[in-house]
Every structure is written in structure tokens, then in C-alpha cells.
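J.: Chains as they are written, first to last, in this note's numbering: chain A, 1 to 183; chain B, 1 to 485.
Take this structure, written in C-alpha cells, and hold onto it; I'll ask about it next.
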Ligand code: SF4
């Protein structure tokens, strides 16, 4: 059996879901027997070098860059999995959804006690190199089709492991009650 | 013609950034910038939340060292609930938190060095990207043992976190005024005498071996390690009141590149008197500086390199021995060589393992009062030495116990100017006179960022994330060479 190819990315997430993936610990050595990693922040591959079987998405979309990357993943991966609360429903960053983005920016760059003193000119980040911030933080499935969802913040390592093995081997996924958690 | 080079995303740097490098008509480097392209808005959206949520909310800035945010927030709230600053907690409260923190240091330093930085050293920064990573280590027979060791060291640290915080990523152990659980006898026995290799003695042995590995590498590659990126700077960190290295609590000290004190052991509740943040239009990450010295001269480094420059000694024997060797290399002067950050990091790894052992043998972890409180206050500041440097949390609340103000200066933000300086240094060295960027050049730029921080994700709490593009831009603002993510 040829190895399945896996790519991963972190959009508007905190990398906690990637850390939870690493928390499969010594099973990571089994994992690299089963799969080949392509584009991922864990390695140094920055662009898709081939079509992938499984794309693991951490984080929702908070700027134009996230949307672009997510669409690239949809194009290049047969199966997309939203891993964690941020990818599934925006997660903690989506707490800003009820607030005007201008207020968030003013608080960070103008009103905060240390910025107030250090930024008397009232400069705001606005360079062309910076991607556009979206009005809200969007869950991934509102941007592209997502095939599977793994809940948790972060999802337990065992849940990620079981799901990956099931996807790679084509066996049915067993989800004991204890591994599915929503915090 | 100025050329512009962009690198994005920075991989094996957890978080999202982008580098642009401008060349003038003679192909000299006119300007380099590390842009942080994410913004989150935490400072605003935590307003109105009940204060006790802060330790669990704000750690979601960064899943790589959530414990640091968890504890910095808890320390700020200790002040608010009247439990004092750091030394006011019950012995159990303080020691359980310290165990959590040193467990975090241990896992994070292992991850940073082995998973993220070592591949560049062992394979070379211009090696094939497909192999230049921790998976590459695991499938290369020569390095497989090291990869297994890296995985097990990280696992041990994560298990300590689970036992103290309740969960490996985003735990709930620290609460305002203390901690919510004891360590059990079974957990203690497991950490002290667990099956090989998962016990503390093995971890200390491996940590010492990691320091030796680096020293051996340094001996063989001194030219590269010493000169890859070196520039003078100020250095800032917490130190214990007696000048010892302390990663959990202390007073704020800064020294200049020659070792002169420029911030003399001040109380961090007053941080606002000493530190301000500049904003530049091209990055979502702010630029902190010491007010006294001003924007130009007041920037400083934080993290392992800075900590070993500010502290006078390390209060555990094996790490102290290594500290003496390390200090002797620069004749006791502050060390300004970026790649020595890894050396300093591994000495701290050893120190953390020694601290974990000391704490595990302390009976206070298994019984005693968990929390304390006193006269309620409206405002509090919590500082901690996160794996990548000093982390500031500052909150104010109203009569309804809702947060009304949150100010966060994360480790990576403190290192913003040094990382920009480092990028500029490497760009000048490697790209002057070059018309095209090679993969090796791009990675060289990333290597210097990685020395500080694989953790740009937390710095972007301010909005936006960081893939590293590298663009070479000419003086007509035309992009002439580009490596994209
Ligand atoms: S789901 Fe939780 S752990 Fe995962 S990226 Fe979001 S905040 Fe981090």
C-alpha cells in the first residue's frame, strides 16, 4: 500500500491543535510509517508539491490570507478535516465577532497603557504587505466544503490519532466516549 | 533599481510572518522587515468577561506555551484577589504552579531545540527541505535515537503539565490566588521512578547530553555559530531578588550590551513606568522599548540569551556548572551572539529538569492549602519568564468583576526589534550583490528567527498570522525575486 499524503496548516488558530497532534508522542514514529507529510509548519515544505489525500486544518479564517490558504487546501487535498473549535466554529478568536474591528485595533494600538505612551503619533498598521482583516472570524466550512470535524480545544491526541488511522487505513472510526471532549 | 525579497511563510516557526528585503541599485541591502501579518484583538474582546476567565481564555493566544499565559494571567489576578505578587501564595499554590511552569519549560525547550532548530544544525540550513525537519531526523538512521529522545522529553514535560494543570494543552489548574489540585502519590512515583526512559533521572541525563551535544557541535562549527548573526543589544528579564535565574517570579532587571545595569531590579507592578510600545505601520506586532532610553536605543532582547546575561548565577548545581563554562566563553560579558541562544536554552533545559526533581521531592505538593486571598484590588500585573522570554499581563476590573482593560506584551513582541535586526544582519551578509534568492538564503533568514522564536502565533494576538514569504524588491518597488508559501 502506498503511503497516504498528509498536509496540515494553522489558520487563525493558536497551534494548540498541532501541539495535540504531536502529543501522540511515540506514535508519531508509527505515523511516519503510515503517511508522508507534505506542506506543513512542522516541516519545511511551504507549497504543495503534490496532490494530498488528507488536509488537516487548524483555526478559522480571520483575514484574506487564511481564506486563500484554505482554498488552496481544498484544491490540493481529497479530504479536509477541521480540527478543533477554531476551525469548526471560529473558536476563541471569534469572540471579536460582535465587536467593531476598529475598536479592537484602537484598543491594541492607541488605548492600551504601553501603546498610549509609545505611539503618540497614533500610527496604525496599514501596510500593503499586511493581509486584509475580515469583518468576522469565519469557521472553515463556511468558506469551503469540509469533510470531517474533530471537536475539542485542543482535541485530545487520542482522538486525532484514531481519526487519522481510520482515514489512512479505511477502517471504521471508533470513538469511545472518553476521547470526545469539547473544552 | 531596488529589489524586494519576500519570504513567507516562516515554517517551523509556529505562527505567521513574512519578510521583505529591499535592495538598492548597487544590489546593497537598503532595508529588511519582518512583518507580522495576523491580528486577533484580545485586548478588546476580553473586556466584559468575568476576570476569573482570563487564565483559560488568554492562553488560547498560543498553544505552544499556553502554560505561560495561563500563569501570567493567574499571577495578575493574584494581585486582584489580594493574594499578593508571587510570594503571597500558599506553599502548595506556589510550588504546584512552579512545577507546571518548569514542566512547560522542559517540553517547550525540547520542542524548540530538537523539533524546530536542530534540523538546521544537523542537516545544514541549505539541506533539502524535505529532509530538514524532525521527521527527517526520525528517518535518518544516524539521528533516529535523537528523534526518539526528543519525543520522549517533550512527552515527559507534557505529562507534568497534565498532572498540574489537568490537561496537556489549555489546562485549568491555576486559579486566582492559587491552584485547584494537589499532586497525587501515584503521579509523584511515576515521575520519580517511572519506567525507563520516562523518569526524572533519565530526563536530567538527557538534558545534560543535549548541552554536551550543542557544545560538541559548537566546537566543530564555531565560525558559523559565533558569527551567523551577532549585534549588541540590551537584555531584559526577571531575576530572583538575590540575582539568581528564576523563571517563575522575581524583579525586573535589564543590562546593556556591556553588562551595565539599565533597569535595576524594579517591581514589575510598575512596568508601565519603564516600558512603552511603538507602533510601525508595516507590522501588527508592536515594538517595546525602555522609556528612559527612547525608541532608538531602548529596545532589548528577552529569552534564554537575555536571561543568562541578566542573572548572576543558576541555583541548581549541574546547570550552574554549565553556566560557568558558557559565561567564560565571553569572559563574563553579555553574550550577543544569536545562535548562542540555543546553548543558553539547553542550559535552561537542564536547570528545569533539576528544578522538577527538587519540586517532586517536596511534600507541600501533596497536601496543604491550595489558595489564599486578601483585600480585593482593581488592577494587577503578572509577569513570568515564558520559554521565549518575559511575558507581561495587565488587567483592570470593575465593581461587577468584569475585565475593563487588558494589556499584553508577549515574549515575541519583546523580541520584535531584535528579530528585525537579526533578519537584516543575515540579509546583508547573504543577499548583498545577489539577484536571486535561493532556498538556502531564505532558510538562513528563517534560522535567525527560529533562534528567538518558533512562536509567532502568540505575538499575533494583536490580529493576523505569519506565513513567511520572502520578496526581493528593487528601488522602483518592483518585485524581482520571490519565494512564496
Ligand atoms: S481549537 Fe483551541 S487548541 Fe486548537 S487552535 Fe483553536 S484555541 Fe488553539
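Just so you know, even glycine gets a beta-carbon here, dropped at the ideal spot from N, CA and C.
Would you report the Cα separation of residue 339 of chain B and residue 75 of chain A, rounded to the nearest angstrom?
T.: 39 Å
J.: If I measure Cβ to Cβ from residue 58 of chain B and keep anything under 6 Å in the same chain, skipping five residues before and after, which residues do I get?
T.: Same-chain partners within the cutoff: 69 and 73.
J.: How big is the Cα-Cα spacing for residue 204 of chain B and residue 250 of chain B?
T.: 25 Å
J.: Given that a residue counts as buried once 16 or more other Cβ atoms are within 10 Å of its Cβ, and exposed if not, what is residue 413 of chain B?
T.: buried
J.: Looking only at its chain, what residues have a beta carbon closer than 8 Å to the beta carbon of residue 317 of chain B, apart from the 5 residues adjacent to it on each side?
T.: 354
J.: I want to see whether chain A comes within less than 7 Å of residue 127 of chain B, judged by CB atoms only; does it?
T.: no
J.: Restricting to runs no shorter than 3 residues, where is the beta strand (DSSP E) found entirely within the region 280-323 of chain B?
T.: With a minimum length of 3 residues, the continuous beta strand (DSSP E) runs that stay inside the region 280-323 of chain B are 287-290.
J.: Heavy atom of the ligand SF4 less than 6 Å from the Cβ of residue 14 of chain A, yes or no?
T.: yes
J.: Under three-state DSSP, which class holds residue 460 of chain B?
T.: Bear in mind that a pLDDT of 36 at residue 460 of chain B, under 50, signals an unreliable position, so the model cannot answer this.
J.: Quick one: is residue 112 of chain A near chain B, going by C-beta distance under 7 Å?
T.: yes
J.: From the DSSP output, which residues share a beta bridge with residue 395 of chain B?
T.: B:380 and B:406
J.: If you reduce the DSSP assignment to three classes, tell me which class residue 126 of chain B lands in.
T.: coil
J.: The alpha helix (DSSP H) with residue 258 of chain B in it runs from where to where?
T.: No alpha helix (DSSP H) contains residue 258 of chain B, which DSSP labels as neither H nor E.
J.: What are the residues that DSSP puts in a beta bridge with residue 338 of chain B?
T.: Answer by DSSP bridge pairing: none, since residue 338 of chain B is not bridged.
J.: Indicate whether at least one CB of chain A lies closer than 7 Å to the CB of residue 301 of chain B.
T.: no
J.: Looking at C-alpha atoms only, which residue of B:408, B:287, B:27 and B:382 is the closest neighbour of residue 419 of chain B?
T.: B:287
J.: Exposed or buried, which one is residue 394 of chain B when buried takes at least 16 other CB atoms within 10 Å?
T.: buried
J.: According to DSSP, which residues form a beta bridge with residue 481 of chain B?
T.: BP columns for residue 481 of chain B point to B:472.
J.: Return yes when the C-beta of residue 60 of chain B is under 6 Å from any heavy atom of the ligand PLP, and no when it is not.
T.: No copy of the ligand PLP occurs in the structure displayed; its ligands are the ligand SF4 alone.
J.: Please name the residue, chosen from B:309, B:327, B:272 and B:415, that lies closest to residue 116 of chain A on a Cα-to-Cα basis.
T.: B:272
J.: In terms of residue numbering, what span does the beta strand (DSSP E) encompassing residue 82 of chain A cover?
T.: Annotation for residue 82 of chain A: the continuous beta strand (DSSP E) segment containing it runs 77-83.
J.: Quick one: grab the DSSP three-state call for residue 23 of chain B.
T.: strand
J.: Taking 7 Å as the cut-off, decide whether the C-beta atoms of residue 26 of chain A and residue 3 of chain A are in contact.
T.: no
J.: Can you tell which of B:451, B:403 and B:443 has its C-alpha closest to the C-alpha of residue 489 of chain B?
T.: Past the boundaries of the shown model lies residue 489 of chain B; chain B is included only from 1 to 485, so the question cannot be answered.
J.: For residue 92 of chain A, is the beta carbon positioned less than 6 Å from some heavy atom of the ligand SF4?
T.: At a cut-off of 6 Å, the beta-carbon of residue 92 of chain A counts as near the ligand SF4: some heavy atom of the ligand is closer than that.
J.: Cutting at 6 Å between CB atoms, please list the residues of its own chain near residue 462 of chain B, excluding the five before and the five after it.
T.: Note that residue 462 of chain B scores 28 on pLDDT, short of 50, meaning its location in the model is unreliable; the coordinates nonetheless yield the value given after this. Answer for residue 462 of chain B: 39 and 284, listed in chain order.
J.: Who are the Cβ neighbours of residue 164 of chain A in its own chain at under 6 Å, not counting the five residues just before and after it?
T.: none
J.: Relative to the alpha-carbon of residue 292 of chain B, which residue among B:308, B:367, B:141 and B:256 has its alpha-carbon at the smallest distance?
T.: B:256
J.: I believe residue 299 of chain B touches residue 417 of chain B by the beta-carbon criterion, under 8 Å. Please report the beta-carbon distance rounded to the nearest angstrom.
T.: 4 Å
J.: Take residue 29 of chain A as the anchor and find which of B:124, B:145 and B:19 has the nearest alpha-carbon.
T.: B:145
J.: By Cβ distance below 6 Å, which residues in the same chain neighbour residue 104 of chain A in space, the five residues on each side in sequence not counted?
T.: 96
J.: Please identify the residue among B:473, B:479, B:415 and B:375 whose C-alpha is closest to the C-alpha of residue 80 of chain B.
T.: B:375
J.: What does residue 93 of chain A touch in chain B if you count any residue whose Cβ is under 7 Å from its own?
T.: 40
J.: In three-state terms, what does DSSP make of residue 425 of chain B?
T.: Looking at residue 425 of chain B - three-state DSSP - the assignment turns out to be helix.
J.: Is residue 12 of chain A helix, strand or coil by DSSP?
T.: strand
J.: Less than 6 Å separating the Cβ of residue 85 of chain A from some heavy atom of the ligand SF4?
T.: yes
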